[in-house]
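A short write-up of the structure that comes next.
Protein chains: 2
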Amino acid sequence: MSRVYNFSAGPAVLPEEVLKEAADEMLDYRGTGMSVMEMSHRSKAYDTIIKEAEADLRELMNIPDNYKVLFLQGGASQQFAMIPMNLMKNRKAAYILTGQWAKKAYQEGKIYGEAIEVASSADKMFSYIPDCSDLDIPEDADYVYICENNTIYGTKFKTLPNTKGHTLVSDVSSCFLSEPVDVTKYGVIYGGVQKNVGPAGVVIVIIREDLITEDCLPGTPTMLKYKIHADEGSLYNTPPAYGIYICGKVFKWLKKQGGLDAMKEYNEKKAKVLYDFLDESKLFKGTVRKEDRSLMNVPFVTGNEELDTKFVKEAKEAGFENLKGHRSVGGMRASIYNAMPIEGVEKLVEFMKAFEEKNA
Amino acid sequence: MSRVYNFSAGPAVLPEEVLKEAADEMLDYRGTGMSVMEMSHRSKAYDTIIKEAEADLRELMNIPDNYKVLFLQGGASQQFAMIPMNLMKNRKAAYILTGQWAKKAYQEGKIYGEAIEVASSADKMFSYIPDCSDLDIPEDADYVYICENNTIYGTKFKTLPNTKGHTLVSDVSSCFLSEPVDVTKYGVIYGGVQKNVGPAGVVIVIIREDLITEDCLPGTPTMLKYKIHADEGSLYNTPPAYGIYICGKVFKWLKKQGGLDAMKEYNEKKAKVLYDFLDESKLFKGTVRKEDRSLMNVPFVTGNEELDTKFVKEAKEAGFENLKGHRSVGGMRASIYNAMPIEGVEKLVEFMKAFEEKNA
Ligand SMILES: Cc1ncc(COP(=O)(O)O)c(C=O)c1O
Ligand SMILES: Cc1ncc(COP(=O)(O)O)c(C=O)c1O
Ligand SMILES: [Mg+2]
Ligand SMILES: [Mg+2]
Ligand SMILES: [Mg+2]
Ligand SMILES: [Mg+2]
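Line order of the protein sequences matches chains E and G.
With the first letter of the first sequence counted as 1, position 86 gets the number 86 in our numbering; the numbers rise by one all the way through.
Each number in our numbering comes from the position in the second sequence (counting from 1) with 1000 added on.
What follows is the structure, given as structure tokens:
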């Protein structure tokens, strides 16, 4: 067995420790005589797994009691519809467009009401976060929507927008648990887990209780109502049980690393290795405005497409996987989520240095 | 490590061989240097996994070319809404009520149009399948809906209803791949995989191409349109990748067992062991009309609630897990899916015999 350095934007690298434990428990989970995959979701053993996962997540993120934690299916993309179907009481919402995922959410929002673009960074290929300190938000907007970390473009909101008292809804798929957050500033925080937390197929929604209501838009499928899942503790129907179990292990791993303060410190140190090199390199350069740089997704280019292709190919041969930029952007992107060890980034930078020398 | 006999109705027992392979591949899938959980769904390695899974399923079920195979999220429960949202062009559909799952689908159908109960076995606690040879189906009904195997009550359609030319939609969650089916008789066959095929979090939809259209009901979320997933080969967004990988292994295991003809033979032999005993036992008896008995879910009772409870408790102590009947029905239920070895059923019957002697 030999492991590569996996810079995939998602699904993405998971802690080796977590995978080892999962492998060990595959045929017999702690004396139950069965795999977690085979376990009734109504069993005592599974009840403990899902409750512990929730408790650990609450502890990690310091989630107040008036927020529910839901483990759902359908990925982040399904939330693009669930959010308006559940929250658009006035059929109006403000969207901040900082990339393709924000745009997809915005377009989905339009199916259900007036989705209003209140800010955008489309003018410069989403390479920055627009100033959101004084936006023109309609009085009766039901929420303000952001994609907090833009996986494709490598930008991150360092300050939350001034919502002028409106509910903030945030897609944190690609920065989930990468640093502490003040949950009280949000109405809804949600993310697909397949970047920083677990295997694809689970989306976690953290939602303030007063936003969970019966009166969804007409025609909302039962499965797309937050209330149904909140009332049933995410067990309205069979949950993505194995994925939740792996998420639970990652939560425990994060606690062992020292929690989100420690992760932030580690992630900053790790990202600095790469950003510092990009800033000093004559060949490689980052594509994002400095103050908006993500700690998780680092896009960069050489300025020469052929050289980009050569770099990605040679990097792969050297054991650095998935460095190709998103198909819509080109260039390179290194996703350096929680589970990417700093050695991976250091070795990547060494490799980039050598490549630069050879190709100067 | 010691494995129990797991009679859970779902999530349920999986082939030990499949679990062993999954454990072995957990940290390094066939030299890729990563777990399937960590793999980009756009990677070559994953492309092979999902394409092979589909090809093997097509071979097993002999699925014609004019049917699409979709690997989706949301469980069977989400299909209760997707079916009307995609198929109810005339806002009218006929439902045959053979249990709680059929009823839930029917109730969800009512959100979107006229869902008409055309037959039911509610009069006798769903212990039989109603005669469906000459139903009163409205001319303009968009489809006829059945739950082909009723997990809770242990009944199974042995003959498909006469739909009088209407599209047949069937929930096969609890009989998926348990025996051959003639796919051409259906418009849609679907099932959550967590009973006979894989871990919870994947639902497989086999749908005739002419039923996949743009014109879903107004307000249908993008993620709930069959067309979106069909056009993108189940990769419109991040799929439940690890679950699909396990399903793929189960498909290969089924092929090795000799395919669905062999499974049918094995399942009949296996169920016969239990049904024959129930028929001869003075203490235990099956609750379902003989000709409608499921090969997968076998409910039975002693006729005495206290004795039922005692039986479930003692069985558990002896390594027979999850024999308690569904909370809405009581009694016992042995789910004996594909992956339950015949030894498990033989040993259960031995245990039942001994229990009967002691408690006569
Ligand atoms: C920020 C963000 N939001 C949403 C999505 C879509 O997630 P899913 O594939 O789970 O629907 C992604 C996927 O990469 C993402 O990066
Ligand atoms: C026949 C049948 N249909 C539907 C369901 C619901 O499935 P899910 O929990 O995946 O929504 C079940 C679950 O037990 C079932 O047995
Ligand atoms: Mg983006
Ligand atoms: Mg530079
Ligand atoms: Mg049923
Ligand atoms: Mg009897």
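Virtual Cβ for every residue (Gly too), placed ideally from N, Cα, C.
Three-state secondary structure (DSSP) of residue i
| i | result |
| --- | --- |
| N267/E | helix |
| M1223/G | helix |
| D171/E | strand |
| L274/E | helix |
| M1332/G | strand |
| E321/E | strand |
| R42/E | coil |
| K1089/G | coil |
| K1285/G | strand |
| Y1143/G | coil |
| G233/E | coil |
| R1003/G | coil |
| E179/E | coil |
| R58/E | helix |
| A1094/G | strand |
| F300/E | strand |
| S362/E | Because residue 362/E is not part of the residues shown, which for chain E are 1 to 360, the question remains open. |
| Y128/E | coil |
| K1156/G | strand |
| K1068/G | strand |
| V1205/G | strand |
| E148/E | coil |
Cβ neighbour criterion (16 or more within 10 Å) applied to residue i
| i | result |
| --- | --- |
| N1062/G | exposed |
| M296/E | buried |
| P64/E | exposed |
| T213/E | exposed |
| P161/E | buried |
| A122/E | exposed |
| Q257/E | exposed |
| T1302/G | buried |
| G1109/G | buried |
Closest by C-alpha distance to residue i, when choosing among the options
| i | options | result |
| --- | --- | --- |
| T155/E | E343/E, L97/E and G74/E | L97/E |
| K1225/G | G1031/G, S1002/G and L1087/G | L1087/G |
| N1090/G | T1167/G, T1159/G and G1033/G | T1167/G |
| E350/E | M26/E, K313/E, V169/E and L274/E | L274/E |
| D1131/G | G1201/G, G1165/G, K1158/G and A1271/G | K1158/G |
| H229/E | M82/E, E265/E, E357/E and G191/E | M82/E |
| N237/E | F71/E, E54/E and E25/E | F71/E |
| P11/E | M1125/G, T1163/G and H1041/G | H1041/G |
| D1210/G | R1030/G, A1076/G, G1187/G and P1221/G | G1187/G |
| T309/E | R327/E, R293/E and K269/E | R327/E |
| L235/E | A315/E, S120/E, I246/E and Y46/E | Y46/E |
| K316/E | L348/E, G330/E and T287/E | L348/E |
| S1043/G | E321/E, M125/E and A360/E | E321/E |
Beta-carbon proximity check, residue i vs residue j, cutoff 8 Å
| i | j | result |
| --- | --- | --- |
| F1300/G | M1263/G | no |
| F251/E | L57/E | yes |
| N196/E | F176/E | yes |
| P1199/G | A22/E | no |
| V4/E | G219/E | no |
| Q1079/G | V1203/G | yes |
| G1243/G | V1193/G | yes |
| A1102/G | S1335/G | no |
| E356/E | F284/E | yes |
| G113/E | P138/E | no |
| V1172/G | G1191/G | yes |
| N6/E | M1034/G | yes |
| G248/E | I116/E | no |
| E1017/G | W1253/G | yes |
| P993/G | A1271/G | Residue 993/G lies beyond the residue range present for chain G, which begins at 1001 and ends at 1360; the question has no answer from this structure. |
| K313/E | I207/E | no |
| S364/E | R289/E | Outside the shown range of chain E, which is 1 to 360, sits residue 364/E, and nothing can be said about it. |
| L1260/G | E1179/G | yes |
| F1277/G | M1352/G | yes |
| D1140/G | V1118/G | no |
| D1142/G | K1104/G | no |
Whole-number beta carbon distance between residue j and residue i, since they are thought to touch under 8 Å
| i | j | result |
| --- | --- | --- |
| E1038/G | V13/E | 5 Å |
| A94/E | V36/E | Contact flag wrong, Cβ pair sits at about 41 Å. |
| Q1073/G | Q73/E | 4 Å |
| G1201/G | G75/E | Wrong, their Cβ atoms sit about 11 Å apart, outside the cutoff. |
Exercise. Residues near ligand 7, CB to any non-hydrogen atom under 6 Å, in chain order?
Worked result: By its list of ligands, the structure shown excludes ligand 7, since it contains just ligand 1, ligand 2, ligand 3, ligand 4, ligand 5 and ligand 6.
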